[in-house]
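Notes follow once the structure below has been shown.
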Amino acid sequence: MGQILATVQDKLHDRVFDHIKDDSASRDALTFEEVYIAVLCIFNDINKHLPGPHQDPPSKEKLRSLMKEYDVNLDGLLDREEFTKFIRKLTNDTLSTISVNLIIALVLAPTVALLTKRATEGVPGVGKVVQKLPSSIYASIITLGVVVVQKSTEGCE
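Encoded structure:
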């Protein structure tokens, strides 16, 4: 899962860097304002395409301090390599949270559902109804319940 997210992350960095750099073809590095626009684009893509709670981009102050940290040659610009490391740092926590939520929703919840289906066999009334449901439908219902609980706790953080 981590390798897949890393590959997606690298393609996203390259695509955004190339898009922003095309607007400033005179140099092969990005200014702070261009980096800020790139970060907004990346967080927009993350929020649009990946499941989970909305992820806010960092403040301009935080971006300025991080940019100084990753500007190795101290020219006030981020080249492609510096930009890639910079964006990886910004997005690692976000993508880790999303991958954990995906694992819970897509792997753990259906497994627990199938285990609880067997456990309900002896429960009067409920056991017969649960046993009549196909396992795939029962697992889908429980997984949907887990996703609803995850969504309802998003606002509590």
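For the sequence shown, this note's numbering begins at 12 and goes up steadily by one. Even glycine gets a Cβ: it sits at the ideal position worked out from N, Cα and C.
{"Check": "Alpha carbon to alpha carbon, how far is VAL50 from ASP39? Give it in angstroms, no decimals.", "Outcome": "17 Å"}
{"Check": "Report yes or no: do three or more beta-carbon pairs, one from the stretch 112-131 and one from the stretch 150-157, lie closer than 8 Å?", "Outcome": "yes"}
{"Check": "Give me the Cα-Cα distance between SER146 and LEU61, rounded to the nearest whole angstrom.", "Outcome": "28 Å"}
{"Check": "Around the C-beta of ASP67, are 16 or more other C-beta atoms found within 10 angstroms, so that it is buried, or is it exposed?", "Outcome": "exposed"}
{"Check": "Out of LEU41, GLY133, ASN103 and ALA130, which has the shortest C-alpha to C-alpha gap to MET78?", "Outcome": "LEU41"}
{"Check": "Using 9 Å as the threshold, is the C-beta distance between LEU89 and PHE97 below it?", "Outcome": "yes"}
{"Check": "Write down the C-beta distance between TYR149 and VAL141 rounded to the nearest angstrom, noting that I regard them as a contact closer than 8 Å.", "Outcome": "7 Å"}
{"Check": "Distance check for GLU72 and MET12, CA to CA, integer angstroms please.", "Outcome": "Its pLDDT being 48, under 50, MET12 is placed unreliably by the model, and nothing is read from it."}
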